[in-house]
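One structure is given below, encoded as C-alpha cells.
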Amino acid sequence: MNWKIILQLSMFGLIMAFGTISLISEKIEPAFWLVIFIFCAWVIARVCPGKYFLHGFLVSMVNSVWITIVHIAFRQTYIAHHPDMASMGTSMPLPLSIHPRLTMALMGPVFGAMFGIILGLFSLVASKIVKKTS
Numbered sequence: 024m025n026w027k028i029i030l031q032l033s034m035f036g037l038i039m040a041f042g043t044i045s046l047i048s049e050k051i052e053p054a055f056w057l058v059i060f061i062f063c064a065w066v067i068a069r070v071c072p073g074k075y076f077l078h079g080f081l082v083s084m085v086n087s088v089w090i091t092i093v094h095i096a097f098r099q100t101y102i103a104h105h106p107d108m109a110s111m112g113t114s115m116p117l118p119l120s121i122h123p124r125l126t127m128a129l130m131g132p133v134f135g136a137m138f139g140i141i142l143g144l145f146s147l148v149a150s151k152i153v154k155k156t157s
C-alpha cells in the first residue's frame, strides 16, 4: 500500500470538507467530486504498484474521516447551507434524529465506503488506460 499517496490524495477531501460548509452548494458539489475522482484515479493508476481498487477505496475512507470531522465541528453552518442534509437527519429513527452529530459520525463511514467503491472502480479502470511512470 502506498499510504503516502493515499494521505496526499485525501487532502482533496479535507479541502472539500471546508468548501462544502458554506462555499460549494449541494447542487454543484457532485461536479467537483467527479473531477477529484478522475484526478485521483489517474494518480493512483500512474503511481501505485497495484491494488488500484483498494488504493481508491482507502482514499475515500480517509476522505470520510476528514469530511465527518469538519462537518461535525461546523454543523450549524453546514446544515444552514445544506437543507437536504438537515431534513435527512430529522427523518432518522428517534435515537439518531435527536443526536445529529452522532448521526453524522455514523453515516460518514457509510458514505465513505459507498464513494470508496466508486473511486476504487475509477482507479481500476484508470489502471487499464493510463501508462505507469518509470
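Heads up: the sequence shown runs through residues 24 to 157, numbered per the working numbering. Note that the Cβ used here is the ideal one computed from N, Cα and C, for glycine as well.
A distance below 7 Å between beta-carbons, with the five flanking residues on each side excluded, links Ser87 to the following residues of its chain, in chain order: Gly131, Pro132, Phe134, Gly135. The C-beta of Val58 has fewer than 16 other C-beta atoms within 10 Å across all chains shown, which makes the residue exposed.
Distance from the CA of Phe41 to the CA of Ile90, rounded to the nearest whole angstrom, comes to 8 Å.
In this structure, Cys71 and Phe35 do not form a Cβ contact; the two beta carbons are roughly 16 Å apart against a cut-off of 8 Å.
For the pair Lys27 and Gly73, the Cα-to-Cα distance works out to about 14 Å. Of the candidates Val82, Ile51, Glu52, Val82 places its Cα closest to the Cα of Trp65.
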